[in-house]
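Peer 1: Final position of the sequence shown in full-length UniProt numbering is 333; the numbers increase by one with none missing. Please find one structure pasted underneath; my questions will follow.
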Amino acid sequence: MCTGISYESTDNQEFFGRTQEYNLEYDYVLAQFPRDYVVDISASKWKTKYSVIGVSARIDHQLMPTVLDGLNEFGLACSTQYFAEDNIYNTMDEIIEEGKSPVYAEQFIFYILSMCKDIDDVKQILKSVAIPNSSIVQKTGLPQHFFIKDGSGRSIVVEPSIAAEFGFNVYENKIGVMTNSPSFDWQVTNLKNYTGLTTKFQNDLQLNNTTIKSLGKSSGLIGLPGDYTAPSRFVKATTLLNFSEKTDSNNSINLGFHILSMSDIPKGVVICADGTSEYTQYTSLYNQTKRELYIKLYDNLDVQKITFSDEYANNSEPKIYELVKESHYKELK
Numbered sequence: 001m002c003t004g005i006s007y008e009s010t011d012n013q014e015f016f017g018r019t020q021e022y023n024l025e026y027d028y029v030l031a032q033f034p035r036d037y038v039v040d041i042s043a044s045k046w047k048t049k050y051s052v053i054g055v056s057a058r059i060d061h062q063l064m065p066t067v068l069d070g071l072n073e074f075g076l077a078c079s080t081q082y083f084a085e086d087n088i089y090n091t092m093d094e095i096i097e098e099g100k101s102p103v104y105a106e107q108f109i110f111y112i113l114s115m116c117k118d119i120d121d122v123k124q125i126l127k128s129v130a131i132p133n134s135s136i137v138q139k140t141g142l143p144q145h146f147f148i149k150d151g152s153g154r155s156i157v158v159e160p161s162i163a164a165e166f167g168f169n170v171y172e173n174k175i176g177v178m179t180n181s182p183s184f185d186w187q188v189t190n191l192k193n194y195t196g197l198t199t200k201f202q203n204d205l206q207l208n209n210t211t212i213k214s215l216g217k218s219s220g221l222i223g224l225p226g227d228y229t230a231p232s233r234f235v236k237a238t239t240l241l242n243f244s245e246k247t248d249s250n251n252s253i254n255l256g257f258h259i260l261s262m263s264d265i266p267k268g269v270v271i272c273a274d275g276t277s278e279y280t281q282y283t284s285l286y287n288q289t290k291r292e293l294y295i296k297l298y299d300n301l302d303v304q305k306i307t308f309s310d311e312y313a314n315n316s317e318p319k320i321y322e323l324v325k326e327s328h329y330k331e332l333k
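Okay, here's the thing in structure tokens:
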């Protein structure tokens, strides 16, 4: 259960963000992976062409060679989000027989960010890679789809499917929103059910000699979904992104956090089949133009930030930034 958005400020800077909802606990860190970094814990070994910053995690005290969302030195931004029951993966043997490079779902956007400058590069590289039905962390492939946006503002959604050309369905994302399954094209079609939403008051209604008074403020948004299903979050995020007042780059990070707060899930509200609680573990936002990453955690709502470093881009090993995970409250005097 994740929600992604992309938007532009009034002074033409590009922004990208997402919420991360999950029921498993991870030791999240921020990291910058350098150029020429060899990724050997993977389906097929590769060396990064470009440096990448993003949200990563440690497992057994070891940094995972991947990002859940990230940004590279050219302002290309990506997020990976859950795509239950709609992903279709080949076996490792089938991928190799086709002459393609296998890339695990959990490393797919890291691979894209480390090898591509823009959407044109991404579309080209999709012809030579495929996601196997296996994983670093489990026996079967993680069900994922991918939100990708470059520094020019162009964005696409990439959804794995062995029935599609080159093994992926690729959609130009002019809406600027991605959630989870069903597929992206279904989510866009579903917006037809909400074309009556408006920021204006609903007018009073005359029924014979009786006036039915409008509920007034925000009555134009009656019918806007409020639950946490993927279709509802898609509609609500699209509505807020479209109707919200655009602002300059100095205030666009705050705007993104406000929009993404619509899908913020407290612990205990969504319970999975195994009894665990799925909740919003973090919300991240990127200024693609300035190559900045901002993040808020469930237990620490203070915004923490890193900036892409040209120095660290030439390191031999990743730079790890430890997140402050405890709550902090400023005492006013």
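Glycine residues also receive a C-beta, built at the ideal position from the N, C-alpha and C atoms. Quick caveat: nothing in here was measured; it's all calculated off a predicted structure.
1) Answer yes if the segment 140-154 comes into contact with the segment 70-84, meaning at least three C-beta pairs across the two stretches below 8 Å, and no otherwise.
2) Among the residues of its own chain, which have a CB less than 8 Å from the CB of residue 226, if the five just before and after it don't count?
3) How should residue 324 be labelled, buried or exposed, when 16 other C-beta atoms within 10 angstroms of its C-beta is the threshold for buried?
4) Indicate the three-state DSSP secondary structure (helix, strand or coil) for residue 233 in the structure shown.
5) Between which residues of its own chain and residue 293 is the CB-CB distance below 6 Å, once the five residues before and five after are set aside?
6) Quick one: is residue 145 buried, meaning 16 or more other Cβ sit within 10 Å of its Cβ, or exposed?
7) Using the Cα positions of residue 329 and residue 297, report the straight-line distance between them to the nearest angstrom.
8) Would residue 32 and residue 312 be called neighbours here (beta carbons separated by less than 8 Å)?
9) Which residue spans inside the segment 49-114 form an unbroken alpha helix (DSSP H) run of at least 4?
10) With 16 as the cutoff for other CB atoms within 10 Å, does residue 43 come out buried or exposed?
11) In terms of DSSP beta bridges, what is residue 159 paired with?
12) Who does residue 30 pair with in a DSSP beta bridge?
13) Tell me, which residues are paired with residue 4 by DSSP?
Peer 2: The relevant details are as follows:
1) Segment contact: the segment 70-84 against the segment 140-154, three or more CB-CB distances shorter than 8 Å; contact assigned.
2) Residue 226 sits at position 226 when you count from the first residue of the sequence shown. The residues are 232 and 236.
3) Working through the sequence shown from its first residue, we reach residue 324 at position 324. Label assigned to residue 324: exposed.
4) Stepping through the sequence shown from its first residue, residue 233 is reached at position 233. Residue state, collapsed to three classes: helix.
5) Residue mapping note: residue 293 aligns to position 293 of the sequence shown, counting from 1. These residues qualify, in order along the chain: 53, 286 and 306.
6) In the sequence shown, residue 145 corresponds to position 145, counting from 1. That one is buried.
7) Taking the sequence shown and counting its residues from 1, one reaches residue 329 at position 329. Taking the sequence shown and counting its residues from 1, one reaches residue 297 at position 297. Cα-Cα distance, rounded: 14 Å.
8) Position 32 of the sequence shown, counted from the first residue, corresponds to residue 32. Position 312 of the sequence shown, counted from the first residue, corresponds to residue 312. Here residue 32 is near residue 312, since their CB atoms are less than 8 Å apart.
9) Complete alpha helix (DSSP H) runs here, min 4: 92-97.
10) Counting from 1 along the sequence shown, the entry for residue 43 is found at position 43. With a 10 Å radius around the Cβ and a threshold of 16 neighbouring Cβ atoms, residue 43 comes out buried.
11) Counting from one through the sequence shown, the residue named residue 159 turns up at place 159. Answer by DSSP bridge pairing, in chain order: 169.
12) As a working note, residue 30 is residue 30 in the sequence shown. Answer is 55 and 321.
13) For the purposes of this step, residue 4 is taken as the residue at position 4 of the sequence shown. The partner list for residue 4 (beta bridge, DSSP) reads 18 and 178.
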